[in-house]
Structures are given as C-alpha cells and as structure tokens.
Amino acid sequence: MGYRKKIFLLLTAAMLAILVLSYVCIYYYLYRSTYKETLVRQQASITLNQEMANNFVTSIYRTAVQFVSDQTLGENLSTSGDDTLEFLQSRENIRNQFSHYATHQAIDSIYYYKNTLFLSDSIPIAALFEPYTLDSNPYTASNMVFSNTNVKDEDWYRRTVENVTCAFINEGTDEFCFSRKLNNTYYRGPYSSEGNAVMVVSVALNQLDD
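Okay, so the sequence shown: first residue is 1098 according to this note's numbering, each after it adds one.
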C-alpha cells in the first residue's frame, strides 16, 4: 500500500471517528437537555397540582369556618316563612353571603373554581332555591345555591354527609370536586343529622392537564 493511500485512509478514519464522536456528543447533549426539560416540566406539574390541592383544602376550610360562625347567616337560614317578604329577603341574603365567601377565597387562585352550596331540604327556606344538581346546573355563574332535593341520594352526597368531606370526579361535568358538610352554629330551625348544607368546590379536569 502506497504512502499517500495510508495517509488518506488514516485521515478518513480520523474524520469518521471525529464525526461519530460528534454525533455521540450531540445525542448525549440533546438527551440530557430533553431529560432535564422533562424533569422541570414534571416538577412544575407536581407543584401546580400541590398548589391546586392546597387551594382546594384552604378554600373549603375557610368557607366552612365562615359558614359555621356567621350569626347573620344562621338567622337567615332559620327564617320560618311566616313573613313572605322576610323569607324572600333571607334567600337573597344567603345567596349574597355565600357568593362573598366563595369569591373571597378564590381570588388568588390560578384555577377557575365553581362553588355550589346545596341547602338541606329539611330547612324551610331551602324550598325557595332551585333543586338543580351538579350535572343539571344551567348557570355559568361561579357561585350558586340550590336545594339538595335532587342530589341527596347521589353517592358523593351520601359519602359527604357520612364522612364530612369527600373528593370525587364528576364525570357528568368532567370536574374534580371536593365537598364538605356544613352546620351553622346560630341556626335555630328544624334539625337534620345531615347538616344544614353541603358545599362543593369544583375545577375542570382540563385545567389540571395543562
């Protein structure tokens, strides 16, 4: 083999080795970059989910505390219905007060929450509220008050009144929901072991997938 041919083959082999090494380095770099990016995204997703869970629990807890300790709300819930105008005014007061609770708690959230209060139909004033369910609610408002007439036999509701709280997926609306049984300290109306109301905080599942 001639001298020039040997030099050519050596240079070709060296160039191929450098090329292969370059490909290996590039692959390793891209792999590491992708791996790190994936880890960052996963960590961000975990952090957001933790924040969502904390916000859920905090929102439920704070609203529950206010519901329990609000004397004016208790008086409105206790309205007997003997005075029609007073009855109607109490209904509006309950709606406004619940909306105030719920809006105040979700103000710093990165998620869009829906807050729904189901009043026990053992309370006389519950008759003035529509008996919609989570699935049949036709309103776009984020805070609503309904009667529990059409939800009290649903599985999630039964579990809530038995265990005080319940977390569940509502397939009818594609939402993650957290519910809690509530009792007002100042309520003086008919007693029910199932509480005065059940509150549900819900968030669309597609928000959690982002």
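Heads up, the beta-carbon is just placed ideally off N, CA and C, and yes, glycines get one too.
Following the continuous beta strand (DSSP E) through residue i, name the residue where it begins and the one where it ends.
{"i": "Arg1256", "result": "Premise fails: Arg1256 lies in the alpha helix (DSSP H), 1252-1260, not in any beta strand (DSSP E)."}
{"i": "Phe1226", "result": "Where Phe1226 is concerned, there is no enclosing beta strand (DSSP E), given that its DSSP letter is neither H nor E."}
{"i": "Tyr1210", "result": "1210-1216"}
{"i": "Val1242", "result": "1240-1244"}
{"i": "Glu1272", "result": "1272-1279"}
{"i": "Ser1308", "result": "In the structure as shown, the chain begins at 1098 and stops at 1307. Residue 1308 is therefore absent and cannot be evaluated."}
How would you write the range of the alpha helix (DSSP H) that residue i sits in, first residue to last?
{"i": "Glu1172", "result": "1168-1174"}
Whole angstroms is fine: what's the gap from residue i's alpha carbon to residue j's?
{"i": "Met1241", "j": "Glu1134", "result": "41 Å"}
{"i": "Asn1077", "j": "Asn1293", "result": "Examination of residue 1077 is not possible in this model, given that the chain is present from 1098 through 1307 alone."}
{"i": "Gln1186", "j": "Asp1167", "result": "17 Å"}
{"i": "Gln1140", "j": "Val1297", "result": "28 Å"}
{"i": "Ala1223", "j": "Ser1244", "result": "5 Å"}
{"i": "Phe1164", "j": "Arg1138", "result": "38 Å"}
{"i": "Cys1263", "j": "Thr1257", "result": "5 Å"}
{"i": "Val1261", "j": "Arg1129", "result": "47 Å"}
Taking the beta carbon of residue i as the centre, do at least 16 other beta carbons fall within 10 Å, making it buried, or is it exposed?
{"i": "Cys1069", "result": "Since the first residue shown for the chain is 1098 and the last is 1307, residue 1069 is missing from the structure and cannot be characterised."}
{"i": "Ile1220", "result": "buried"}
{"i": "Tyr1288", "result": "exposed"}
{"i": "Val1295", "result": "buried"}
Is the Cβ-Cβ distance between residue i and residue j less than 8 Å?
{"i": "Asp1271", "j": "Leu1302", "result": "yes"}
{"i": "Arg1285", "j": "Ser1175", "result": "yes"}
{"i": "Asn1267", "j": "Ser1299", "result": "yes"}
{"i": "Leu1225", "j": "Phe1195", "result": "no"}
{"i": "Ile1325", "j": "Arg1277", "result": "Outside the shown range of the chain (1098 to 1307) lies residue 1325, about which nothing can therefore be said."}
{"i": "Gly1269", "j": "Leu1214", "result": "no"}
{"i": "Asn1151", "j": "Asn1173", "result": "no"}
Could you give the C-beta distance for residue i and residue j, rounded to a whole number, given that I count them as a contact under 8 Å?
{"i": "Gln1304", "j": "Tyr1236", "result": "In fact, because the Cβ distance is near 19 Å, the residues do not count as touching under 8 Å."}
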